[in-house]
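Inspection log for the structure reproduced underneath, given as structure tokens.
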Amino acid sequence: MSNPPTLVFIPGAWNKPRCYDKVIKLLQDEHQLKCVSIALPTTSGDPQATFKDDLDVAREAIASETTQGRNVVVVAHSYGGMVGNSAIKGPPAEEAEYWVSQLTTQGLKALFEGREYTYAGWQDVPTWYIGTVEDHGLPVLAQRIIVGMAREMGGSVEHRELPTSHSPFLSQPEATVKIMLDAAKKQLPHDIQWTYSNDLEVITMDHQDGSYLPQGGWLNPPPNDYVEKVKSQHWKEFLDKARHLWKAASYMKPRESYGSIPPLKDGTNEVVDNECKAKMFMEAFFPKMAAPGAMENPEPNEEIRWDPITKEEVYGALQRMKARKAPGEDEIPTMVWKQIWPYLSEEIFQIFTASINLGYYPRQWKRARIVVLRKPNKPDYAIPGAYQPISLLNTLGKVLEAVVAKRLSYYAETYSLLPNTQFGGRPGRNTEQALLILSNAIDKAWIRSKVVTLVAFDLKGAFNGVNGSVIDGQLKAKGIPSILRSWVISFIEERTTSITFDNFKSTRLPLENAGLAQGSPPSPILFIFFNAVLVNQPVNHKGGSSAFIDDYFRWVVGPSAEENLRKLQEDDIPRIEQWANQTGSCFAAEKTELIHLTQRKSELSKGQLIIQGTTIKPSTTAKLLSVVFDNELRWKLHVQQVLKRATKVSTALSGLRYLRPGQMRQLYQACVTPIVDYASTVWHCPTKDKMHLRALNTVQRSALIQILSVFKSVATTTMEVELFTLPTRLRLRQRAQITIVNLLTLPWDHPIQGVLSRARRRRDNPGNGSAPRFPLAESMKTMGLKQFSGLETINPKPTAQWKLRAFKEIDINPDREKARKNAAALLTNPHRVVYSDASGHDNHLGAAAVVLDRNQNIVASRKTAIGSMAHWSIHIAELIGVYDAISIGGGLPSNKNDIRLGDVIVSKPDGQYGGVVQYDLGKWTADGFERTGSLNAPPERLLAVLNLMPGHGRQFAEPPSRLYPDEGLDQLFEPDGQQLVNRQPGRRREGPYVFYGTIASGNSVIKDADTRDKLRVQHGVLCCEMEAAGLMNSSFPCLVIRGISDYADSHKNDRWQEYAAATSARYAKDFLSQIPEEVAQELAPIRVREDRELFLQTVASTHGQNRTSRVR
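With UniProt numbering applied, the sequence shown corresponds to residues 1 to 1112, in that order.
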């Protein structure tokens, strides 16, 4: 700097100006710098002073120097009021006591009023941050987190640390002065540099021409060419970071360009006043709903048992939340809670636990801040209905809400509480599946020359129209725990909000019809419970329904449009209106869509429906879940809509400068192709739709020209090869194949499985040439039959997040060197570590897993011979190795097998026995009974399949609840037969568990606890039975699966036999579904005539009434 600057010192919240005396003395005596120290109104005893008053004083001090042509450095200490006597550390005790005596108080208004004048200048200019290592008010770790967060948000921060307490200008003034001078010396001629500490802010400003603009900015801007050069350089550096590429793409999203909300229309009057506008928005967003009518409450299900929330459950919910989610009134983003969780986890967990147990949701978390945004492409923005509310809520409350949402989702899926026609807000379900079910119904109807009439309903208010008493009744009927229902009622009631738009914030108002808060995690699943009765309609040849949360459409199949309308008007409309009256809901008749889907043009415009007094006439199109259906399913209008949206986004992305072709390609594939490909299995036939492809190709061609900057005469194929981009036809075909494979991995009871089965039949038997097109079946024609078999079933249903997990952390690294480094680092881990791997040798594959403690001692291990490489791949072997690791890791917490009635035992070799031991096969000697002989082990192929099944001591299925006797009837007695064994609850109502090991087989029934325990000690058996030994040495390739019906003691009874038979049958079914087709063909043939007795014995062994197992 050409002239020595003036230093203006601003004290912190508890300090008077003289706290800077040491620093000022050094600067004046040794560096001849002018120093000015000011007093803040909020620390001078004025309780009415606000942040604005402090700001005015600071500005006046700076302006007095800049108007005289001097440069200015502003030094400001902590302004949070979070420092105590312990933070004054470093000087001698007498001096420390003196400075403590000089601390002052600050008015609370500085913390809550005047915040609209704040500005995050550190995002615009380079920043210096002085950390204080020994700070007790703001720990050094928290300071480093602040610096890291600032850097993540794009700030350029120079970080220096001093071994001092919260006030470095008192304990280490010389070091503080040095850092200030370093910051000042590095200042460039036209920059404005703000330097912060936790605590110490150094702001350097060069005077330009003597002007100072208190209201318009700090100083005049630098020359334009310099600004443009710096901006360009910064933009290039910004884009080079992968995570910033997506942030840049968000800048280019098409946005409505408007300055403010125009005057709103209230009838014939125009409303200009913002308070009146806010009131109109409140009435539009939260319409007054009718009181719910009398509703017949069905017989409630048995109440589901409640398990207390766990700290791990809360932590998991926190980790799943987006770090930069917009905060609510407290302005604390989720990122902060993630960073401070290690320090406040216990306090947060206690608050959450108290909230659940008391059935009370804190009022502070129910205060919403609603931001008003325009709905896109509305014709008139002078009506409140053209706007949508974005509700911002406190992020800490959302963490607890996420825990509750997961619980509700688990209950809903585990106990099948929701209708199969609901596809929104549920794991493993999406909009495309809902549309495929409709597409399948239309195809079936058209083949039978029927007409499909569809009505799409729109609920007015939707989430905001949910009544608390109605949702409580629905939850009670489904058996949701009462402790959770009480919390939900508190969550819904007594909400308040303020509305923000055009820099205006309304006064806080109570919400009489708050309903479910939009943007709150439990709101979707609660709404699904709310409208479950409405959408629960069977899907068959007569009609059906589908729903995606609040979007609901109903269709009827009949010989004519008029007949369909008659059914709808007489049967469905009264049912729907009755539901609306009972729940206090209201349908927006003006948004209801009616369409006849038929190839008969004479039927297209017939008839009408009357809903709530409004006449609905049929239209030529209907938009269902963002796909435009036309009467004859030609999809021309849908393709036009897709082209328009994709072209708009592609054009916007072309406005990003300095992107490399690879980056542009990445943006195109992430932002443009999903718009084109959405739900393509519903509307695109890969073998026929040449007209659609010609239109869709134009989007990709224009994008490729922009990315490669080539002439328009270059062929599209050439550009696709150059940029490694699939042609549109191949991309859509690939997407359809991937979608089909993903659908085939869903469980057998998923509603989409029926559609897939029929599509496969249509693929193989398309019918005559006049048969209508079924895009899903046409897509299957591009796939081989082998692709449909041998797929793993992936259950998307949520797991019990509150149960103890076997693993604290899982690390899967594709880079071998990095994996080795990570493994070496884990050797010092206080927890046990499980390693897994797989390899091939001599055309055979194997997998292994080993558990090591911190001293590298082997705690447990497992190795598996998988089979020939002709039948298994190395990738499958790696997965089996991982599964082995999970299985043995799950058995680590205890060496005991906590087997309960209804669990399943599967025979498996353990090194000593082949899975079954015949305990009474042998001879008596002078030393007692000596067991002789051995039994065969199951075939290696079958044992390999066990690696694909749930691990030892794990739940493997949902409970067949209608058969489950009761946990209280599961009684294990001591060997004396008199006293019950005190055991923890088994939680088997959630589903049976499976155990693998040795099964004891003999010729007599064991009904004695002493004999049972002796067998367990001698042979390590898990259960006793009578049939398996005769099978294991035969030519029948098998392993033994047994359900546990009693404990092989004197208390044997038949109460559990039916349930045990059901659970073992369920495991057997799941096991058989995992056997590869080629293995099944190899093992399946049985010569029934030659092995007639063996066959009959096999049938007898599966009889649930008389042949069940006994456990130790």
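The C-beta atom is built at its ideal place from N, Cα and C for all residues, glycine as well.
Here the structure is a predicted model, which means the values were calculated and not measured.
Boundaries of the alpha helix (DSSP H) around H638: K636 to L653. Ranking L318, H875, L845 and Q856 by CA distance to the CA of K863 puts L845 first.
Per DSSP, the continuous beta strand (DSSP E) segment holding G544 begins and ends at G543 to F548. Secondary-structure assignment with DSSP links Q388 through a beta bridge to L373.
Exclusion of the five residues before and after V981 leaves L972, F973 and E974 as the residues of its chain whose Cβ lies within less than 8 angstroms of its Cβ. Within the same chain, and ignoring the five residues on either side of L534 in sequence, the residues whose Cβ sits closer than 6 angstroms to its Cβ are W579. Between the beta-carbon of R160 and that of G137 there is about 19 angstroms, and that puts the pair past the 8 angstroms contact cut. Contact between the region 504 to 511 and the region 372 to 379 is absent: fewer than 3 CB-CB pairs across the two stretches fall below 8 angstroms.
The beta-carbon distance between A441 and V557, rounded to whole angstroms, is 7 angstroms. This is short enough to meet the 8 angstroms contact definition. Along the length of the region 335 to 380, whole alpha helix (DSSP H) runs at least 4 residues long do not occur. Contact annotation, G543 with M295: C-beta distance approximately 25 angstroms; criterion of less than 8 angstroms not satisfied.
Judged by beta-carbon spacing, L408 lies within the 7 angstroms limit of I525, meaning their Cβ atoms are closer than that value.
When the beta-carbon positions are compared, F995 and Y1067 stay at least 7 angstroms from each other.
Contact between D1008 and S1050 holds: CB atoms are separated by about 7 angstroms, below the 8 angstroms threshold. Taking a 10 Å sphere around the C-beta of M691, we find fewer than 16 other C-beta atoms and assign the residue as exposed. Contact annotation, L392 with R369: C-beta distance approximately 5 angstroms; criterion of less than 8 angstroms satisfied.
A straight-line Cα-Cα distance of about 11 angstroms links A652 and Q706. For E593, the three-state secondary structure derived from DSSP is strand. Taking a contact to require three or more Cβ pairs closer than 8 angstroms, the region 472 to 492 and the region 429 to 441 do not qualify as touching.
From the listed residues S439, D884 and K644, the smallest Cα separation to L756 is found for S439. Boundaries of the alpha helix (DSSP H) harbouring F1071: Q1057 to Q1074, taken from the DSSP string.
Excluding the 5 residues flanking it on each side, P262 has same chain C-beta neighbours closer than 8 angstroms at Y381 and A382, in chain order.
Counting C-beta pairs with one atom in each stretch, the region 309 to 322 and the region 539 to 555 have fewer than three that are closer than 8 angstroms, which means they do not touch. In this model, P419 and A532 are separated by some 6 angstroms (Cα to Cα). DSSP, read as helix, strand or coil, puts A382 in coil. Ranked by Cα distance from P384, the first of G397, V451, D443 and F501 is F501. Pairing N795 with I471, the inter-Cα distance amounts to about 28 angstroms. Sorting Q388, R59, V72 and A547 by C-alpha distance to the C-alpha of G519 places Q388 at the top. When Cβ pairs closer than 8 angstroms are counted between the two stretches, the region 702 to 717 is seen not to touch the region 455 to 469, the count staying below three.
For A514 and I492, the gap between their C-alpha atoms comes out near 7 angstroms. Ranked by Cα distance from E134, the first of S165, W128 and L459 is S165. In the DSSP assignment, K1007 falls outside any alpha helix (DSSP H) and carries neither an H nor an E. In this structure, the beta-carbon distance from L604 to N564 does not fall below 7 angstroms. The beta carbon of P41 sits closer than 7 angstroms to the beta carbons of A49, D53, D54 and V57 from its chain, once the five residues preceding and following it are set aside; these are given in chain order. Relative to D458, the option among P538, G428, D443 and I549 whose CA is nearest is I549.
Comparing alpha-carbon positions, the option among A823, R733 and S654 lying closest to S250 turns out to be S654.
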